[in-house]
Amino acid sequence: MKITLSDEQRLLLETAQSFFIDRCPIEQTRKNMSNGKFDQSLWQEMVELGWAGVNIPEEFGGLGLGIESLVPIVESMGRFVVGSPIKSTAVAAGLISSFGTYEQKSIYLPRIVKGEIASIGFIEENGAWDDGFVETVAELRDGGFSLTGKKCFVTDVDCSSLVLVSAKVKNETNIFIIETSEIPEGLVKREVVIDETVRSFQIDLNGLFIGENQVLGSGSNRLADLSSLLLNAAEMSGGVSGVLQLTVDYLKNRKAFDRLIGSYQSLKHPMVDILISSEALRSHLYYAANCLSSGPDKEAEIAIRMASASGSEAFAYASDRAIQFHGGFGFTYDCNAQLYMRRALWCQYQGGDQVYQKKLLETLLLD
Amino acid sequence: MKITLSDEQRLLLETAQSFFIDRCPIEQTRKNMSNGKFDQSLWQEMVELGWAGVNIPEEFGGLGLGIESLVPIVESMGRFVVGSPIKSTAVAAGLISSFGTYEQKSIYLPRIVKGEIASIGFIEENGAWDDGFVETVAELRDGGFSLTGKKCFVTDVDCSSLVLVSAKVKNETNIFIIETSEIPEGLVKREVVIDETVRSFQIDLNGLFIGENQVLGSGSNRLADLSSLLLNAAEMSGGVSGVLQLTVDYLKNRKAFDRLIGSYQSLKHPMVDILISSEALRSHLYYAANCLSSGPDKEAEIAIRMASASGSEAFAYASDRAIQFHGGFGFTYDCNAQLYMRRALWCQYQGGDQVYQKKLLETLLLD
Amino acid sequence: MSDVARIEIEEFREEVRNWFTENKPQDPGFLLPETFMEVGTDEQFEFLRDWQRKVYEAGYIGISWPKDYGGGGRPQIFQDIATREMVTQRVPFMPNTIGLNWAGPLILKVGTEENKRKYIKNILSAEDIWCQGFSEPEAGSDLGNTRCSARRDGDDYIINGSKIWTSLGTYAKYMILLARTSKEKSSKYAGLSFFLAPMGVDGIDPEPIQKLTGEYGFCQTFFDDARIPADCLMGEEGDGWKTAMITLTFERGASGGQAGGTSMMELNAYDVLELARRVRRNGKLAIEDTYVREKLVSFLIEFRGNQLMSAREKVPGLTGDWPGAVSLSGKLRNTELRRRLTQFSLSLMGANAARFVSENSVDGGKWQRSYLNSFSATIGGGTSEIQHNIVGERVLGLPKD
Amino acid sequence: MSDVARIEIEEFREEVRNWFTENKPQDPGFLLPETFMEVGTDEQFEFLRDWQRKVYEAGYIGISWPKDYGGGGRPQIFQDIATREMVTQRVPFMPNTIGLNWAGPLILKVGTEENKRKYIKNILSAEDIWCQGFSEPEAGSDLGNTRCSARRDGDDYIINGSKIWTSLGTYAKYMILLARTSKEKSSKYAGLSFFLAPMGVDGIDPEPIQKLTGEYGFCQTFFDDARIPADCLMGEEGDGWKTAMITLTFERGASGGQAGGTSMMELNAYDVLELARRVRRNGKLAIEDTYVREKLVSFLIEFRGNQLMSAREKVPGLTGDWPGAVSLSGKLRNTELRRRLTQFSLSLMGANAARFVSENSVDGGKWQRSYLNSFSATIGGGTSEIQHNIVGERVLGLPKD
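Residue numbers (my numbering), protein chains in the order written: chain A, 1 to 367; chain B, 1 to 367; chain C, 1 to 401; chain D, 1 to 401.
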C-alpha cells in the first residue's frame, strides 16, 4: 500500500493551507454565521484560484485533475471550520464529467469553472444514507421527467445555479441536473442544522418537470456516494487537526490548582490518543484519495469507507474532549470548540456514520 | 427494585469472608496449584460449616435455603481466587432438589450434605454455551440410557462421586445423574485450562449405560444455566474486589520517577473506573440473587444475565489493568495479578461471555 | 414500622399520585429546559416558578423541613414518595434548585434562627430565587483561587470581583457567595468568608452568558463596589471554606436534607429505548439495528447498575469494602452516563441527527441540545477529571497528584 | 532510479522469494516462541539460532551493514525487501534481537574500529548472543534510578548489583550494560556509564524469571564483584545516559541502522480474521457472529491505519503538523493493538477460550499465551503510560507532569 502526492496536489495543499489561514480565519466564519449570508467574496477568490474547476477536464476550462485532488483543499478548509460550497460543487462537477453526455458537459462544466455553484440533494426526510431508500420519483412522460419528492440538507442552494438530485426511475436510482431557476419560489426553505457554518435547505420537488436530457448516465450514484464521502472525510481530517491544535494550545496555557492543565495525565493522555487518531485518519484519507484516482473500484470503496469511519470516530471524540478539556470556557458559545463539535456531528451524520460504514465494510472485507 | 439480605445470608457472608482469609489465603492456593492435588481438608471444613447443604431441604439434612444463599460464600471465595468444588456441588444439589424425584433426592442429597462432591458437565468440545448445541445423546433402550458423547471442563470430577451431564433425548436437552464410579478408568482426562487453580477434566461418555431413573425432570437445564451463571457472577464479583484491593495496595507503595505511582492520574483514574464497575457488579449480583429466590422467571433471567455481563466486563478489565499497573512485577508468575486474570478468563468463557449475555438480553429487554 | 404508619404512607402515596395526575401541567407550546441551569427565557422561567409554587402549596416539597419555617414537618419518607412520583410522572422540575438543595439545607444546618425565619419559606414557594456564587472565571474548579473580595466597611461589606456560572442570576434575589475577606492568611483556603447576599443592591450586575447551544442560562455576575449588610455574613469571617465544603456535600448528594423535588428532567436509558422504537436510522426503525440493540442493552445495564447501587447501599452487610464509593461517585457516574447516552441518542436518527432545535427535528431538537448541555454537568461542580481524583483519593486512598 | 538498479532489485526480490520458499523451516513439533523475549527452552533457542545463522549465511540479514565487518555492503532497500519477504512468508524470527537491533547499530554508530571488528560479524551469525542490562528491579521504567555499580580497579571494572528483564540472559555472551560509576554527580542521570560486558566471567549469574505464562524467557542477572576488563567501557565514564538514549532510539524504531529480519512473529488483524473463519463461537463459525464482524472490521481499519502511517510519513508534504508523531508513537500503537487484538481473539473460541497451552487448545494455546505475553511489550521498554507522556510532551509539547 503506497501513498503518493503529485506535484499539483502538493501545490494545492500548500496554497490551500495558507489561503484559509489568511483569508478565512475563524473570526470571519463566525461573522458569516451570525449574519447568515453567503460569503461571496471568499468564494470568488477560490474560483479565481481555479478551485471550482480542479476536477473538470481541460477541454471545458478546468485543471483536468481527479476529484481526489480536492482533498487537500477541503482538508485545509475543515481545519478552520470554513463553510463553503466547494464540496458540493466538486462532487457535481465530477459527476457531470464522468457521467454526463457531451452536451451536458459543454453546457454545465464551463459555467462551474466560472464560479457558478452546484449543490447536491441526495438525502431526504427519512434521513437514510443508502440510496435504496430514496423516495423521490422521476416519472418519464411527455419527453421529460415529472418529479415527486423532497430533498433535505441541500447546502447553499439559494446561491447555486445547479442542483443535482437523486430520484428513482422505476427501481433504479438516477441523478438529475436541475437548474435552480426552474424551482418555483417558496419551495426552498432554510433548515436549522447543528453546524451553524452550514447553510442548509429543504427543497420541495413536487410538480417540477425537467427535460429528458437532464438525467446523468447510469451508475453515477455510486460515484456520487464515494466522492462525497471522500471529501467529507477530508473535511473531518482537517477538523480533527484544527480541534487538536486548539485544545493543545489551551492546555499549554491554562492553569488549575497551580499547574498547567496540560501536565495532568487525564488530559495529556487522551490528547495523545487524539493525535494518533488524527495521524491514522490522514493516512487513510490520502490513501483513499490515491485509490479513487484509479476509479471507484472495490479497493477505493474500502479505502474511502475506512477513511470515513475513522474520521467520524476521531472527530466525534476529539471535539467532545475539546469541550470537556476547555472546562467552563468550553461550555460557552465563544469557545471555538463548539464549532468543531457541531461540524463533527454534521459530517458524521451527513455521510453515514462510522457504524454504517463499518457495516458496509463487513461485506467488503469479510465475505 | 430492592435488594434484601436475610439474617442467614448476612451470617453466611460474614463467616465466609473470615473463613477464606484465615483458611485459604493465596499462598495456600498457590501450593494447591503447584502440587495439582485436591485440598481435601479445606473442603472438609467447608462441609462442616454446612456449606455443602446450604440449598438442600432440611428434610434431607440441609439448611433449606435457596441457591442464591451460596452467593456470599462463592463471592468470598472468588476474592482470594480459591479453587473449590462448592459451585458445581451447589448447582447439582439445587437441580436435584428442584427437579429430582423423591427417590433421587433421598439417595443423593444426604450424601452431598455429608461432603460427597458433585461435578457438572454441560459443555462439550464445540465450546458452545447454548445447550441447543449439546451433541451428547442419550438413547433410551433396555430400561436405561445409552450415552454417546464427550464432556469438557468438568471440574474436580476425580474427587467427586456424582457428575451431572446434559444430553439430548431426541431433540430435548435433559440432565442426567451419573455415579462417577460407573465411569471406566481411563475415560477421564485432565485438561490444561487457563485458570491453574481449577482442576478440569474431560470425560468420554461413549458406551456408558445408566438407569432410567437417573434422569432429572424436564426443564432442569434452564435452572442449571441460571444458577451456574449466578454463582459464576458471584465468583467474578469477588475476583474484581480482590484484584482491585491487590492493585490499590501496590499503587500506594510502589514508586517511579520519585513519586508513588498511585498518584499518576493514568493509573488512579482507571482504578476509580474499576471501583465503580465493582460496585455496580455487586449491586447487580445481589439483586439477581434476590430475584432467583422467587424462581427462575424472566425478571430473574434478566437480572442474572446482567450480573454475568457486568462481571465478565469488569473482571476482564480489572485484571488486565492489574497486570499492566504492576509493571515488570505484573509480568511475573509470582505476582498475584496473573491469578486473577486467569480466573477472569475462566469465568468469562465458562459461563458465556458478556457479548453472548447481551445478545440474549436484547430479546429479553427490547422485543 | 407500625401498621398505623404503614397505612398513612399508603394513603399518602395514593393522594400524591392522584394530585400529580390531575395537576400535571400541559405542554406549554415551547421547548422547556431540561435542567435548572438551562432556563434561558422569561416564559420558561415564569412557567417553572408557577409550577413550583403550586407544588409547594399542595404540600409536596419541603415535606421534611421544619413546620415552623414553612416546611411540612413530616418524616423524610413522605418527601421521597412525592419526589419519586414527580419522577415517575415526568412533571417539570423545581427551578429554585440552589435554594432547595444547597442554600436551604445549609441555612437549616448552620444558619441562625433569624436566617431560617427569613429565607426558608420563600425558598420553598419560589418567591425568592437563589443563585450560587462560588466559581470565578480564572479559578477553574479550584475554590482556593477565589479572588472576589469582601471588605468590611462599617455595617457593610463592599464586594468587588466577579463570579461565573450563576444559573438564574438575572432572576435571583439572593446569592450564596464565597468571597475573600483577607489576603494575609497562610493557606489560600483561609481568608475566605461566606455570605447570604442580596442581588438587588447597586453594583451587582448579572450578565447572561451564551452557552455552546446558542442559548442563555448562566450569568457572569460582576460586583463593582457593591455594598451588602454585614449581617449577610454566615458564621465568622474566615469560615468560608468550611461553609462552602458543607454546601458541596449537599451538591454531591453525599448528605441528605434537601427539600425534595427534581432539578432536571429525568432522561435515562429507557427514554432512549423509547426513542429507538419510533425513529428511523438509515431507513428502518433504529431498534432493529444490531449495533443500536447492543448499545441499548449496555446502557440499560449501566443505568440499572446505578439504580441498584443506591438500593444496595442501604443494606447493612452489603455496603461494601469502600465506604463512600457509591455516594462520592454519584456525580461522576450520572453525568458521564448522561453525556454518553445523549451522544448515542443522535445515532438513532440517521442523517436527521444533523438537525438542531427546530420543528423539523426529532422531538424539536431536544436530543441534540441535551448532548451539548450535558457538558455543563461533566464540567461544572468539579470536572469529571476532578471527580476521578476525589474518588481515587478519598475512597481508594490513593496518593494525591 | 536507474534501469540497471531497478532490474537488479527485481532480480533480488525474485531470488529472495525463492530462497525463503525453499528454505523455510518445517514445523519443529513444538510450539515456537513468538518473540525473542519468550525463548524459554533450549530446543526453542537452538532451533532459532540455527535459523538465523542459515539466513545470515544466505546473505539476507546485515545486508546494509559494512562489508568489512561481515555485512553485505549493499543499499538499505535490499534489506527491506528481504525483511518484507520474511514477514510475508511468516518464517521464524531472528533470535539475536538485541544484537541485531540495539547493540549492533550502536557499535556501528559510536563504537571503535576494534569493537566493530570484534562484535559485528558474530552478531549477524548468532555466534554471539547479546542481551541488555538496563532495567533494574527497583527502578521501574526510570533509568535514572540505576543502582548497579561499576567501580574502576586497575585494568578492570568491578560490577555489583542486579539487572532485570534480560532476555536470553542464560544464552548471551555479551550484555549492553548501564551501570553507575559515580554517585557524586548533581543529576541522577550523570554518573552512569555504558559497557559492552562479557557474560562469561565469574560473579555474573543470570537467573531465569518465571513469567505470568508459567514459562521462562527473561532473567534477573546478578553481579557479585564481577570483574570485566576496563576496555569494555563504551565512550567515556559518565557518558552512559547519552549512550543509552541513542540505544533507545533504535528500540523505538525512531532511527534506522538495524540489521534487518524480524524479532517477533507477525500477528495482525488478518491473522485474527483467518482464525475467525475456522473456529466456532457458541456453535457457529465466529466470522458469522455480528459482534465479531464489527470488531474485526474495526481492527482491520486500525491495523491498516498503522501501516498507512508509515507510508504517509515518507511523502514530503504529508508528513503532518507534528514531526515525530508517527515514529514516536510506534511502540505505543503497535503494542497496545497487539494486546487488544490477542485479548479479542479469545472471544472467537467460545468456551474453548478457557484452555491454555496444550494439544486440546486452538492452535496449541498460542492465542492465550500471546495475550498474556503481550504485556511484556506494553510494560517493557517504557510502559504505555510512559509512552503517552513521551508523545504528549515531545510531540505535542504539553507540559511535564
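Just so you know, even glycine gets a beta-carbon here, dropped at the ideal spot from N, CA and C.
- Contacts between Met309(C) and chain B, judged by CB atoms closer than 8 Å, involve Glu279, Ala280, Ser283 in chain order.
- For Arg338(D), the nearest beta carbon of chain A is not closer than 8 Å to its own beta carbon.
- Shortest Cα-Cα distance from Arg10(A) to any of Leu318(D), Glu393(D), Ile390(D), Arg338(D) involves Leu318(D).
- Under a criterion of Cβ atoms nearer than 9 Å, the residues of chain A adjacent to Tyr264(B) are, in order, Gln265.
- Its Cα nearest to that of Leu339(B), the residue Leu372(D) stands out among Gly70(D), Leu372(D), Glu136(D).
- Lys150(B) has Asp204(B) as its beta-bridge partners, per DSSP.
- Proximity of the segment 222 to 236 of chain A to the segment 62 to 82 of chain A meets the contact definition, three or more beta-carbon pairs being nearer than 8 Å.
- Scanning chain B for C-beta atoms nearer than 7 Å to the C-beta of Tyr291(D) yields Val355, reported in chain order.
- For Ser6(A), there is no enclosing alpha helix (DSSP H), as DSSP marks it with neither H nor E.
- Non-local beta-carbon contacts of Ser200(B) in its own chain, meaning distances under 6 Å to residues more than five positions away in sequence, involve Phe153, Thr155, Glu191, Val193 in chain order.
- Interface annotation, Arg227(C): not in contact with chain B, CB-CB separation never under 8 Å.
- Burial is judged here by how many other beta carbons sit within 10 angstroms of a residue's own beta carbon; Ile107(D) has at least 16 and is buried.
- Within the DSSP secondary-structure output, Pro184(B) pairs in no beta bridge.
- Per DSSP, reduced to three states, the secondary structure at Ile228(D) is strand.
- Around the C-beta of Ser345(D), 16 or more other C-beta atoms lie within 10 Å, and the residue is accordingly described as buried.
- Gln343(D) and Leu226(A) have their alpha carbons spaced roughly 34 Å apart.
- Selection Leu267(B), Glu299(B), Leu231(B), Thr136(B) evaluated against Gly352(B) yields Leu231(B) as nearest (Cα-Cα).
- For Tyr174(C), the enclosing beta strand (DSSP E) begins and ends at 174 to 180.
- As DSSP reads the structure, Ser162(D) sits in a beta bridge with Phe222(D).
- Distance between Arg312(C) and Leu100(D), taken at the CA atoms: about 58 Å.
- Counting the other CB atoms within 10 Å of its CB gives Pro33(C) a total of 16 or more, which places it among the buried residues.
- Within the segment 107 to 126 of chain A, the residues whose Cβ lies closer than 7 Å to any Cβ of chain C are, in chain order, Ile123, Asn126.
- In terms of beta-carbon proximity, Ala244(D) stays away from the interface with chain A, with every pair separated by 8 Å or more.
- From the listed residues Phe145(A), Leu5(A), Met33(A), the smallest Cα separation to Glu196(A) is found for Met33(A).
- Asp224(D) is the residue among Arg84(D), Asp142(D), Asp224(D) whose C-alpha sits nearest the C-alpha of Val201(D).
- Positions of the beta strand (DSSP E) runs, each at least 3 residues long and wholly inside the segment 281 to 325 of chain D, cannot be given because no such run exists.
- Leu212(C) and Arg141(A) have their C-alpha atoms roughly 50 Å apart.
- A straight-line Cα-Cα distance of about 41 Å links Thr173(B) and Pro316(C).
- Interface annotation, Ala276(D): not in contact with chain B, CB-CB separation never under 8 Å.
- Taking the C-beta atoms as reference points, Val54(B) is found nearer than 8 Å to Leu65(B).
- If you draw a straight line from the Cα of Glu114(D) to the Cα of Ile129(D), it comes to about 18 Å.
- Cβ contact annotation for Ala197(C) (same chain, cutoff 6 Å, sequence separation greater than five): Met175, Leu177, Ile228, Cys232, in chain order.
- Ile96(B) and Glu212(B) have their alpha carbons spaced roughly 15 Å apart.
- The criterion of a C-beta distance shorter than 8 Å is satisfied by Phe375(C) and Gln324(A).
- In this chain, Lys188(C) is not harboured by any beta strand (DSSP E), its DSSP state being neither H nor E.
- Between Val243(B) and chain C, the shortest Cβ-Cβ separation is not below 8 Å.
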